[in-house]
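In our numbering, the protein residues as written are 371 to 627.
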């Protein structure tokens, strides 16, 4: 078995969740790495869309931000941001939204606004950007986050983007008709919502990870599915493509600096 880092397992597991016919709204950072890995391996026809208005972009390196020229240069076309949100996103034309966050709770609500009290926070984060609209308007949401008690919390300091709100049918009662978070991929496990309660539930543990490790890195009592699978380890090709993508990115950004 090839040696790999937990973050590589996380990115590869997230990439595997994407399908060749998906139209995906991509967040910067780990979501971008997962989506482009999928495009470079099993999903060459996936349509990647970034918040800046780039449609069907095929970046050779990972962008530093949504305004990275690499996205526009490799896109099929670029549309104005208002058109991106009103026509493409709010028009229900995007199947999957791929997000990350600073904090998440058991119903997959996300915080990217502040850590601590809003008026006097310990940390002021970048904010919502387009994430609140992505969370409500895409057909379903995938979330990728490294797992730890500072980020997997019992109660969010601020709700930036809704997941399953308070569980059950609470999302639908707000008038939101999309599925919400259907997968949460971490460096330890894969979670999916319970069909009834909508609490994020462990359905697969990554190789070598125990239930105790998952619980020790989570700020609420973790629910495990009746049958918990083991995530297939990364293949040699997945690792090779991911590492070369990061190496190209590092070289490009170093040269630009």
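Glycine included, C-beta positions come from ideal geometry on N, C-alpha and C. None of these values were measured; they are calculated from a predicted model.
Given that a residue counts as buried once 16 or more other Cβ atoms are within 10 Å of its Cβ, and exposed if not, what is residue i?
i, result
"residue 406", "buried"
"residue 476", "buried"
"residue 591", "exposed"
"residue 488", "exposed"
"residue 418", "buried"
"residue 547", "exposed"
"residue 624", "exposed"
"residue 484", "buried"
"residue 493", "exposed"
"residue 586", "exposed"
"residue 519", "exposed"
"residue 554", "buried"
"residue 613", "exposed"
By Cβ distance below 8 Å, which residues in the same chain neighbour residue i in space, the five residues on each side in sequence not counted?
i, result
"residue 566", "538"
"residue 432", "402, 403, 406, 615, 616 and 619"
"residue 572", "559, 560, 561, 581, 584, 592, 593, 594, 595 and 598"
"residue 463", "393 and 457"
"residue 460", "503 and 507"
"residue 450", "423"
Counting along the chain, where does the alpha helix (DSSP H) carrying residue i start and finish?
i, result
"residue 376", "376-386"
"residue 401", "400-410"
Which residues mark the beginning and the end of the beta strand (DSSP E) in which residue i is found?
i, result
"residue 432", "First-last for residue 432: undefined, no H or E at that position."
"residue 600", "593-600"
"residue 467", "466-469"
"residue 419", "417-419"
Go through its chain and collect everything with a Cβ distance to residue i's Cβ below 6 Å, but skip five positions before and after it.
i, result
"residue 415", "390"
"residue 411", "611"
"residue 385", "404, 407 and 408"
"residue 551", "478, 511, 513 and 533"
"residue 499", "none"
"residue 516", "557"
"residue 395", "419, 464, 467, 504 and 508"
In three-state terms, what does DSSP make of residue i?
i, result
"residue 570", "strand"
"residue 494", "strand"
"residue 640", "The chain is shown only over 371 to 627; residue 640 falls outside these bounds and no answer can be derived."
"residue 460", "coil"
"residue 395", "strand"
"residue 446", "coil"
"residue 424", "strand"
"residue 620", "helix"
Excluding the 5 residues preceding and the 5 following residue i in the sequence, name in chain order all residues of the same chain whose CB lies nearer than 7 Å to its CB.
i, result
"residue 429", "406, 440, 441 and 444"
"residue 526", "473, 475, 479 and 481"
"residue 523", "473, 475 and 589"
"residue 491", "484 and 485"
"residue 529", "479 and 481"
"residue 656", "Look at the range of the chain in this structure, 371 to 627, and you will see that residue 656 is not part of it."
"residue 604", "372, 374, 378, 379 and 382"
"residue 577", "600, 601 and 603"
"residue 568", "477, 534, 537 and 538"
- Query: Mind pulling the beta strand (DSSP E) runs of 3 or more residues that sit fully within the segment 501-583?
  - Reply: You should have 510-514, 551-555, 559-563 and 570-575.
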